[in-house]
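Chemist: The structure under discussion is supplied below as structure tokens; questions concerning it will follow.
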Amino acid sequence: MLRLLQLCRWLTLAAILLIASLASKDASFDDSKFERFEPLAATKIYSPEDRENSVQPIDTLVEAISLDSPQKTLADVQKTIESKAQSLEALMQPTLIELAKAKSQHQTFSKGTASIRTPLRQPALSLSNDADLALSSLITVAEPSLIGHDSKTDKVTSALESHEKPLVTALRDTQVEPSLATSMIKACDHQLAIPYQNQIADEALFLVTQLFYADMSLSNEMFAYQDNGRTYLPLEFVVEQLLLPVQIDIDSLSAHGWFVDEAKTIQIDQQLMLFWNQGVDCTVTSSVIYHDSWDLYIETKILQQLFGIEITFDSARQKFDIAASDHIPLSQLIERQKKYQLFNAQKNSADVRKVQAVNKEYAVVGDLALNVDLGVRAQSFNNEAKTETDSYIQTRADLFGHNSYAAYSQTASGTTFNGYLERVVQDQWVNFYRLGDVDSHSLSLVSDSTRGAGFTVSAGSEFTADLRTIVVDGELEAGWDVELYRNNTLVGVQRVQSDGLYRFTDVPYYIGLNQYQLRFYGPNGESRVESFSKLLDSSVLEKGSLGVNVGAISREQDDLKQYYADVNWAVREDMTVGLALVQQQDELKQWRFLPRLSVNYVGDSQLIQLNYVKSDQGYATSAAVQGSQRDIDWQAEWQQYSNYSTWDNVGGRIKQQAFASLNGSFVNMGLNWGVNGRWQALNFGSDNAQANFLLSGQLYSLSLSNELRWSSLNKLNSWSDRIAISGRLSNWQIRSYVDIEISPDVSLNQWVSNLNTAINDEANYQVELRYQPNSDNEFSMRNSIAYFFDFGSLRLDIDNATNGDWFAQMKWNSALLWDTDQDRWLIDRMSYINTGTVKVIAFQDDNANGLFDGNEQPIAGLTFSGHSQSNKQTDQKGELLITQLQTNRQQKLILNENSLSDPFLLPAAHIISVNPHPGHIQPILFPVMYTAELEGSVFYSGSDHLPAVGLLAELKSNTKELSYSARVEYDGIFIFGQILPGNYELFLDNQFIRTISLSPGEFIQIPELEISD
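End of the sequence shown = 1005 in the working numbering, gap-free, step of one.
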């Protein structure tokens, strides 16, 4: 039976290959039976005689441009093009519209080229792939003289595609008048029809970026998308920032609106984009639109065509710059804002989407999250074989209003345990504290941030005394790899060890907005991304504010202890002064008292930090400056020590040291560069110095980084190079790191590559290659196969080395979550340790009090988007458990309104905004009410008793930012429908009339109203 199944599998594969090879060939036909193909041949727009008179070969245009009298010739050509274009445009416009409509209505098109090669006498019955190209070329190119035909490929060609650059160059080199140049590129001033494909966005390909318009900051946190070397911007986000009249419907993945002129409509729907091109480039003939639960992500080049704007991307600052445009002038922003508000009001009148903001809650006894990793390991090391068990357990839960974490591991390297208790406090002077395993605050000249056992407290304003660098750390399952990027430049790579911790120190932190991204890669092929940003400028300060950091720590590596209190006061909106009192043990466990004074100046584009520390025997001082120019970020620091010893200068060995760094980007090339150097003058021995030269960028879906290093230690100079590649190539996730010694000898120090791919939905394969010629195991290879179950994963690792050592391991991993409210366990293969969970409780709020009272009914069947399980719906109890939510930023859960069973039901809010944390299933009440209706009539008080036709009636809530508007009709009647229950005030022509209370499902008809003429 097994052999029979294998035979069937191979026969099926052979059949698929045969079908694919046949399908790739064009349908054969006799060219002699068909007329020579020209654009519009399939549409019968004009006769061959018309075409003969109107179509001018491309070569003629190119030849005309190269004549001795370029200006006269170009003017003649331009006049010819304009005259012929006007006649052809009127002739072809109806057919173009029909083609566009036909394309938007049909999702399947005939394959091959038969339909487009139909003789002129036959109408086009369908659109083939070549017809897509013909349609795009027709609408893209306005002038008939700019349309041609390639007899070799039998495809339509556009002069703007093949000759646009020579044409533009000729116009510039011959110094054509601007008006003439503008006329020549008006070939793009036409309606475009661009087909596209819809694809779900991959979370790993998002970037957190900034958005600027004409040097004015619009947003410090815009999620852009990148794929295959192209960037895509969120359409709804951009149009809201630029106040453009375009409406996006994320449910139907469509967009409609207009730009510049209401007649120039924008329609993005049914895999076809129809819009009037506003830019000078119209060469895009097809595209991809990515989408998630929040927005549609449109290619930057198409956005430039849509709105006639110029967009550049500064990869070093992760910033998109939109140049000032005549279509969106700053001087008219106020007027545009009024128009946009009117447009938005019209949109909201039909679609009121309110947001319910949910604050973070801590439970007295939370919901226990567990991650269990159990394994059996057999290995042979130096010809000694043994078999052992491994275990690793992580827990997280709320306890007495705090979040607790604990991790226990037992491996060949020993037993470890760590944990802590912490709380983030909102709207209180003390805003954060942690007890247990902690990271101390960084104190310049005294001690950098270090890990150990103790406690930390942060209170008051959130600015810190040390603004040079930051620490990025967290908890993760053992065996995972973590990459940290700042502004798309690799900062470092770590593999999580048995303690379940990752920690990046001395992470660059520059003036302005810093965008960070953590990329996580699991041993079973898992991957996820977390992004966050940190702003450093004068806005972090407020005059008179006070910030306090207090802590006590026993250092992890040597149990040395330190107690400190650091107070910073903002004397101005751009300046702070600070005093830190530190009690620290030295390497001999002798206590030292180290008071420190500091001054920070934070401007819009520069920072200055001064520090002075006094010890019993000496002192230390430092000055740090950094700034940001248009294209370069820079940083410099100098430190001097005089008979001074601390954790950062053990034994007083350093006399003085300096550091400098420059970072920037090649905007046109999409590359980031960096240069930094460090120098130390020692009290004993020779000086040390090192310099790094970094170049990084994005190649399609791969992140590339090359760092050239020079160092001089003990008068020995050396050069080395590190190359890093990370990303996706086809179906493989690739990560590779190479360390090369260049001088004094050329050698390969280390090469590590990790590749993994999904075998199918239930299995993953991963291979890791390691070449380390300086170690005992010169070359080793680890193969891993993981199989996924709904309740866990099983992984087999086999590691072989060239010296004969081997390693084999079988591991089982499961994630558990105890729902204490239902007294049930949830089991999954995706961890609950670092993700949040919420429980939405939907009910019919009959008394509109927002509470789920005993006599009210739950609502089943509701679905929400914005999470990975969007097909799940509320059960018979009205409950929906949503797991695996990110915890580093607000999550938006959007109601799918089609899941409401009754059109008269309306939720109090369409969108839930929540920031959950692991260890607590946060309940969220979601009231849904029957809407109310209000009807009234208004007449003028004169003898004619005429209806007040067109008068504006408004209904404004007393307690919420909610309002409705209606106009008085021809018979004097005004009607408000689908009103959320509540207390309202009625206004007529901005004049208060009366208060009205509406209950769920209630219909009220108020008495006739009279107003004066």
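We treat Cβ as the ideally placed atom computed from N, Cα and C, and that holds for glycine.
On a predicted model such as this, the values are computed, not experimentally measured, just so you know.
Would you mind sorting Trp268 into buried or exposed? The rule is 16 or more other CB atoms within 10 Å of its CB.
Modeler: Counting from 1 along the sequence shown, the entry for residue 268 is found at position 276. Buried, since its Cβ has 16 or more Cβ neighbours within 10 Å.
Chemist: On the three-pair Cβ rule with 8 Å, is the region 918 to 934 touching the region 893 to 901?
Modeler: Counting Cβ pairs under 8 Å, three or more are found: they touch.
Chemist: If you measure between the beta carbons of Tyr188 and Val280, is that distance less than 9 Å?
Modeler: Within the sequence shown, numbered from 1, the residue matching residue 188 stands at position 196. Within the sequence shown, numbered from 1, the residue matching residue 280 stands at position 288. Yes, these two residues count as a Cβ contact at 9 Å.
Chemist: Can you tell which of Val449, Gln418, Phe524 has the C-alpha that lies nearest to the C-alpha of Asp465?
Modeler: Translated into positions along the sequence shown, residue 465 becomes position 473. Per the Cα distances, Phe524.
Chemist: Identify whether Leu298 lies in helix, strand or coil by the three-state DSSP scheme.
Modeler: Translated into the one-based positions of the sequence shown, residue 298 becomes position 306. In the structure shown, Leu298 sits in a helix (DSSP, three-state: H, G or I).
Chemist: Give the C-beta separation of Asp789 and Arg774 to the nearest angstrom, bearing in mind that I take them to be a contact with Cβ-Cβ under 8 Å.
Modeler: Stepping through the sequence shown from its first residue, residue 789 is reached at position 797. Stepping through the sequence shown from its first residue, residue 774 is reached at position 782. The pair is a contact, with the Cβ atoms about 6 Å apart (cut-off 8 Å).
Chemist: Please classify Leu227: does DSSP put it in a helix, a strand, or coil?
Modeler: One-based indexing of the sequence shown puts residue 227 at position 235. If DSSP states are grouped into helix, strand and coil, Leu227 belongs with the helices.
Chemist: In this structure, what does DSSP give as the bridge partners for Pro500?
Modeler: Within the sequence shown, the letter at position 508 stands for residue 500. DSSP, once it has assigned bridges, lists Thr461 as partnering Pro500.
Chemist: Under three-state DSSP, which class holds Thr277?
Modeler: Numbered from 1 along the sequence shown, position 285 holds the residue referred to as residue 277. Three-state result, Thr277: coil.
Chemist: Compute the Euclidean distance between the alpha carbons of Leu1001 and Ala940, then round it to the nearest angstrom.
Modeler: For the purposes of this step, residue 1001 is taken as the residue at position 1009 of the sequence shown. For the purposes of this step, residue 940 is taken as the residue at position 948 of the sequence shown. Cα-Cα distance, rounded: 10 Å.
Chemist: Whose C-beta lies closer than 6 Å to the C-beta of Gly669 among residues of the same chain, with five residues either side of it excluded?
Modeler: What you label residue 669 is simply residue 677 of the sequence shown in a count that begins at 1. Contacts found: Ala652, Ala683.
Chemist: Between which two residues does the beta strand (DSSP E) containing Arg369 stretch?
Modeler: On the sequence shown, position 377 is the one that residue 369 refers to. First-last of the beta strand (DSSP E) with Arg369: 361 to 373.
Chemist: Using 9 Å as the threshold, is the C-beta distance between Phe780 and Glu754 below it?
Modeler: Start at 1 with the first residue of the sequence shown, and residue 780 comes out as number 788. Start at 1 with the first residue of the sequence shown, and residue 754 comes out as number 762. Taking 9 Å as the Cβ cut-off, Phe780 and Glu754 qualify as a contacting pair.
Chemist: Given a threshold of 16 other Cβ atoms within 10 Å of its Cβ, counted over all protein chains shown, does Asp365 qualify as buried or as exposed?
Modeler: On the sequence shown, position 373 is the one that residue 365 refers to. Buried.
Chemist: Going straight from the alpha carbon of Asp679 to that of Arg547, what length do you get?
Modeler: Looking up residue 679 in the sequence shown gives position 687. Looking up residue 547 in the sequence shown gives position 555. Answer to the nearest angstrom: the Cα atoms are 29 Å apart.
Chemist: Helix, strand or coil: how does DSSP classify Val563 here?
Modeler: Numbered from 1 along the sequence shown, position 571 holds the residue referred to as residue 563. Three-state result, Val563: strand.
Chemist: Just to confirm, are Tyr1008 and Gln598 a CB contact at a threshold of 9 Å?
Modeler: The question about residue 1008 has no answer here: the residues shown for the chain are numbered -7 through 1005.
Chemist: State the DSSP-derived secondary structure class of Glu548, mapped to helix, strand or coil.
Modeler: Residue numbering aside, residue 548 sits at position 556 when the sequence shown is read from its first letter. Three-state result, Glu548: coil.
Chemist: With DSSP collapsed to three states, give me the class of Arg816.
Modeler: Reading the sequence shown from its first residue, position 824 is the one you call residue 816. Residue state, collapsed to three classes: strand.
Chemist: What residues are listed by DSSP as bridge partners for Arg511?
Modeler: Here residue 511 refers to the residue found at position 519 of the sequence shown. Note: Arg511 sits in a beta bridge opposite Glu475, Val521.
Chemist: Who are the near neighbours of Trp671 in its chain, counting only those whose CB is closer than 6 Å to its CB and skipping five residues on each side?
Modeler: Taking the sequence shown and counting its residues from 1, the one referred to as residue 671 is at position 679. Taken in chain order, the residues that qualify are Ala650, Ala681.
Chemist: For Ala616 versus Ile600, is the C-beta spacing smaller than 9 Å?
Modeler: Stepping through the sequence shown from its first residue, residue 616 is reached at position 624. Stepping through the sequence shown from its first residue, residue 600 is reached at position 608. Yes, these two residues count as a Cβ contact at 9 Å.
Chemist: Just how far apart, CA to CA, sit Ile1003 and Pro237?
Modeler: The residue given as residue 1003 occupies position 1011 in the sequence shown. The residue given as residue 237 occupies position 245 in the sequence shown. Each residue's alpha carbon lies about 35 Å from the other.
Chemist: What do you get for Met1014, buried or exposed, if any count of 16 or more other CB atoms within 10 angstroms of its CB means buried?
Modeler: No answer is possible for residue 1014: it lies beyond the span of the chain, which begins at -7 and ends at 1005.
Chemist: Within the chosen definition, does the region 947 to 963 reach the region 991 to 1000 through at least 3 CB pairs nearer than 8 Å?
Modeler: The region 947 to 963 vs the region 991 to 1000: no contact.
Chemist: Does the Cβ of Glu90 have 16 or more other Cβ atoms within 10 Å, making it buried, or fewer, making it exposed?
Modeler: Position 98 of the sequence shown, counting from 1, holds the residue named residue 90. Low per-residue confidence applies at Glu90: pLDDT is 49, beneath 50, and the placement is therefore not dependable enough to give any value.
Chemist: Any idea which residues DSSP pairs Pro973 with across the strands?
Modeler: The sequence position of residue 973 within the sequence shown is 981, counting from 1. Looking at the DSSP assignment, Pro973 forms no beta bridge with any residue, so it has no partner.
Chemist: What's the C-alpha gap between Phe844 and Asp837?
Modeler: Here residue 844 refers to the residue found at position 852 when the sequence shown is read from its first residue. Here residue 837 refers to the residue found at position 845 when the sequence shown is read from its first residue. Going from the Cα of Phe844 to the Cα of Asp837 covers about 7 Å.
Chemist: Going by the CB atoms, is the gap between Ala308 and Leu741 shorter than 9 Å?
Modeler: For the purposes of this step, residue 741 is taken as residue 749 along the sequence shown, with counting starting at 1. For the purposes of this step, residue 308 is taken as residue 316 along the sequence shown, with counting starting at 1. Just to set this straight, residue 741 is Asn in the shown sequence, not Leu. Not in contact: Asn741 and Ala308 (Cβ atoms no closer than 9 Å).
Chemist: Could you tell me the distance, in whole angstroms, from the CA atom of Ser372 to the CA atom of Lys378?
Modeler: Locating residue 372 in the sequence shown gives position 380, counting from the first residue. Locating residue 378 in the sequence shown gives position 386, counting from the first residue. Distance between the alpha carbons of Ser372 and Lys378 is about 7 Å.
Chemist: Quick check on this structure: which residue in Asp768, Arg511, Pro515 has the alpha carbon closest to the alpha carbon of Asn374?
Modeler: Indexing the sequence shown from 1 puts residue 374 at position 382. Checking every option, the nearest Cα to that of Asn374 belongs to Asp768.
Chemist: Helix, strand or coil for Thr866, going by three-state DSSP, please let me know.
Modeler: Taking the first residue of the sequence shown as position 1, residue 866 is located at position 874. In this structure, Thr866 counts as coil in the three-state DSSP scheme.
Chemist: Let me check understanding here. Comparing Cα to Cα, which of Thr987, Leu972, Ser989, Arg986 lies closest to Lys346?
Modeler: Position 354 of the sequence shown, counting from 1, holds the residue named residue 346. Looking at the Cα atoms, Leu972 is the closest of the given residues.
Chemist: Identify which residue in Ser453, Gly974, Ser695 has its Cα closest to the Cα of Trp561.
Modeler: Here residue 561 corresponds to residue number 569 of the sequence shown, with the count starting at 1. For Trp561, the nearest C-alpha among the options comes from Ser453.
Chemist: Just grab the DSSP bridge partners of Lys948 for me.
Modeler: Mapped onto the sequence shown, residue 948 falls at position 956. In DSSP, Lys948 forms a bridge with Ser955, Glu977.
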